[in-house]
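Residue numbers (our numbering), protein chains in the order written: chain A, 91 to 563; chain B, 91 to 563.
Have a look at the structure below before the remarks.
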């Protein structure tokens, strides 16, 4: 039995086999048992330690599985060569929140927040209850990598009726958000694609291009939307745009520019438009403006949208509509990729849409947001002409411009000091420009009461006083 | 009123303002109204058409919003320059399923399927009901981009106790799956990283490297796992491994190799191990084998795992544990990225784990899968020595090797013709090797009855007869 010393504590809670395993393992790692040494047979060691042979078998099996010993059939067990390595003692300590939100922020004019009081919890719970059921147990397994047909069918129907988007459910790919879908688009368009982006624009998309080592040429946005003439002169073959409600300026792309943009795309075979229609559901005047995708003759528009604004940001269901030419490429490239959207959620949403609740919810929310927008603009009007605003035709934020000698940065800072978070327009530009200070003012997540008091507080902080009341033309 | 001709049908269902809008829009796009032409004032046109001024205002507002006309304050509305473009008529037709599953498959030995009969639907529904509630409405908004603290805390606790993984919740990033997390890791490790992968290995990861334009050097896997000596000679600084249960061979990385691998990683500052611990919960003999991450002194292991096997593939919740050195880089790089995992699902899972249901579920499933595995190996034993198997220590699939003159492809084909889907090992290699035909036989999704009859059917198809019954040593 030479060097093999094992002490067992039969009163201890640790199973005997584990005590044996542990001591042999330590002896091996510490080099006390020489490489190639034959271990005693199960029977012998069992007798020696006065434990059952099964106990020894369990210990040896574990050592074997972890590769500390090897087994030669009908001969026995041998110590394997192990390089020295100290096991690290775990140092886990349940720690405090990593969410170190600035505590002083009392009002957040975030353009990404939604109205939380109007979400139909009871209905959503009903569909969840129906879906999370024994009877739909096959939903536990992976579904269609593009997203289940049920939800894609509902989205195609909705897009056709509400956005003029012309597509079949087959063209729709469900994903977890722009962060997740855009890299797939970038792969599809190949390594030689050069991108144009709106400036100012959506920072997330710009980061996605950067992280995927793609060049992204900034194109100026003016009061008609992206400058298509500048695009024509740029060396880009793909453009990322937000035509229905430009982010962040809130501009609606003019009809002339729309046509010019589509013509730019159809002029070359490898030209594509990525149309991000992120908050088009919320338009407060007249009919919704149809998506570029529906006007497209040339199969050149990749249409992107999301349920983040229309239902909830945390749902993480977005989708894209691929032109036929890219659909084939997509199928070939991403055959191994599963849908990133939980299937139960896909079916909760599909049921909710199929029964007409989504349209009803949108109609309700449109009224809610229109009321909030009205409150916001009414609260701002008394401060004209020192304060003006734009981008109020759609969406959940407007742009407020302050006519003052103070800088955007200085105004931001004053607001922050007063516990009000606002979002300076320069932050959304590739490089800051010397213009009048402008801010994104999101109103989705604030109550009408808060909007009123918050604007008053903000103006007070900026020392802007009410002028004689006038209505806006 | 010159060229402006508008015909109104007051009995039609289409609102009057929309009829007016539509006709002017068509006249503009067709060039019937010259660019720069001044439109009649709202009052004049209202009188002329015998409709209210508000109706005209609505029509003009829509034309204005879409950029067909422009407005000059106190002067009027003017026709804008529009390039010619034919509107495409939508051709949407609700179509049939894109899921063209091969109908003839009656038995699928997929290694990715799980047991659907044991999922605790009632419990899951209970937590869903609790989470989808007015009282937790703040969950509608975006949460921590790394995943909410509640779920990360539960995962850290679980990993420490069950996998020997030493981490704080701060090191954990929640994601939607390997497809989604790996590209982030690739960004983190920079453009000069060169990767080594197991051969045979997990095809999804290989595709992710390919799609992200990263070189991936295949390293041979033998009966002890990945060949670390070959890795040392390869020009790679990051290796992707599945040490607890190599995919697809089922090998457990030997202790000697574990140590050698960790030493390889700590020998250079830029060396990293990506440890994918995808199905380590299911080990059927002895104690679970601790993760490499817990043995790592040098902060060089990126640990990846998922709830796909332990709960359901369609849940789409995976996670990674980043070493401190990469955590800082991650925070800086992906500040704009939101978590791709729906927040309600994060909290359903966190509640389920916190109350101990996850551990209980794992214990139950371990028994279930052990029973299925036992049925499978018992069904195979009578066909020895013509059929042998390996990789049965853990997970939800084993490797079955057929000692025959027929090729892997031929055997696959025969199985498919009989409605049985099996997965040839060569499919998981970077290039097929001339070896005895081997197959991944997944047993998670099949009932014990099906396993028995399916193996009998498969052997019959292959014309392999039972030898005299013998037990396996």
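We put the beta carbon where it would ideally sit given N, CA and C, even for glycine.
Please read these numbers as outputs of a predicted model, since none were measured by experiment.
query, result
"Is residue 203 of chain A close to chain B, meaning its C-beta is less than 8 Å from at least one C-beta of that chain?", "yes"
"Would you please verify whether the beta carbon of residue 354 of chain B is less than 8 Å from any beta carbon of chain A?", "no"
"Touch check for the segment 140–148 of chain B and the segment 100–120 of chain B: three-plus C-beta pairs under 8 Å?", "yes"
"Just to make sure I have the definition right: I need the residues of chain B whose C-beta is within less than 8 Å of the C-beta of residue 430 of chain A. Which are they?", "266, 267, 269, 270, 406, 430"
"Taking the beta strand (DSSP E) that residue 265 of chain B falls in, what are its first and last residues?", "262–265"
"For chain B, find out if any of its Cβ atoms is closer than 8 Å to the Cβ of residue 342 of chain A; answer yes or no.", "yes"
"Does residue 282 of chain A come out as helix, strand or coil in the three-state DSSP assignment?", "coil"
"Whose Cβ in chain B lies nearer than 7 Å to the Cβ of residue 222 of chain A?", "211, 214, 215, 218"
"Please compile the residues from chain B whose C-beta is within a distance smaller than 9 Å of the C-beta of residue 395 of chain A.", "Neighbours of residue 395 of chain A on chain B: none; closest Cβ ~16 Å, over 9 Å."
"Residue 379 of chain B CB to nearest chain A CB: under 8 Å?", "yes"
"Any chance you could list the beta strand (DSSP E) runs of at least 3 consecutive residues sitting entirely within the segment 363–428 of chain B, in chain order?", "391–396, 408–411"
"Use the C-beta contact count for residue 88 of chain A: other C-beta atoms within 10 angstroms, 16 or more gives buried, fewer gives exposed.", "Nothing can be reported for residue 88 of chain A: it is not among the residues displayed for chain A, which extend from 91 to 563."
"Could you give the distance in angstroms between the alpha-carbon of residue 343 of chain A and the alpha-carbon of residue 200 of chain A?", "23 Å"
"Looking at chain B, which residues of the segment 298–321 of chain A have a Cβ within less than 9 Å of any of its Cβ atoms?", "298, 301, 302, 303, 314, 315"
"Quick check: residue 406 of chain A and residue 266 of chain A, are their CB atoms within less than 8 Å of each other?", "yes"
"Our contact map puts residue 231 of chain B next to residue 203 of chain A with C-beta atoms below 8 Å; I'd like the distance itself, whole angstroms only.", "6 Å"
"Given that a residue counts as buried once 16 or more other Cβ atoms are within 10 Å of its Cβ, and exposed if not, what is residue 528 of chain B?", "buried"
"Alpha helix (DSSP H) containing residue 146 of chain B: first to last residue?", "143–155"
"At the level of alpha carbons, what is the spacing between residue 162 of chain A and residue 351 of chain B?", "25 Å"
"Could you name the residues that DSSP lists as bridge partners for residue 288 of chain A?", "A/309"
"Verify whether the separation of the beta carbon atoms of residue 394 of chain B and residue 271 of chain B is less than 8 Å.", "yes"
"With a threshold of 7 Å on Cβ separation, who are the neighbours of residue 519 of chain A within its own chain once the five nearest residues in sequence on each side are excluded?", "289, 290"
"Assign residue 453 of chain A to buried or exposed, taking buried as 16 or more other Cβ atoms, counted over all protein chains shown, within 10 Å of its Cβ.", "exposed"
"Report the CB separation of residue 332 of chain A from residue 368 of chain A in whole angstroms; it is logged as a contact under 8 Å.", "7 Å"
"Please report the distance separating the alpha-carbon of residue 99 of chain B from that of residue 118 of chain B.", "21 Å"
"In angstroms with no decimal places, state the Cα-to-Cα distance between residue 31 of chain B and residue 488 of chain B.", "Here chain B has residues from 91 to 563 only, and residue 31 of chain B is not among them."
"If you follow the beta strand (DSSP E) that residue 531 of chain B is part of, which residue opens it and which one closes it?", "528–532"
"Below 8 Å on the Cβ atoms is my guess for residue 127 of chain B versus residue 263 of chain B; work out the distance and round it to an integer in Å.", "Not really, about 59 Å apart at Cβ, beyond 8 Å."
"Is it right to say residue 314 of chain B is buried, meaning 16 or more other beta carbons lie within 10 angstroms of its own, or is it exposed?", "buried"
"Rounded to whole angstroms, how far is the Cβ of residue 465 of chain A from the Cβ of residue 556 of chain A, which I believe are closer than 8 Å?", "At roughly 16 Å, the Cβ-Cβ gap does not stay under 8 Å, so residue 465 of chain A and residue 556 of chain A are not in contact."
"Just the chain A side, please: which residues come within less than 8 Å of residue 228 of chain B by C-beta, in chain order?", "206"
"Please confirm whether residue 499 of chain B and residue 514 of chain B have their CB atoms less than 8 Å apart.", "yes"
"So what does DSSP say about residue 136 of chain A, is it helix, strand or coil?", "helix"
"Based on the DSSP output, what are the partners of residue 169 of chain B in its beta bridges?", "B/159"
"Within 10 Å of its beta-carbon, does residue 399 of chain B have 16 or more other beta-carbons around it, so buried, or fewer, so exposed?", "buried"
"Assign residue 338 of chain A to one of two classes, buried (16 or more other C-beta atoms within 10 Å of its C-beta) or exposed (fewer than that).", "buried"
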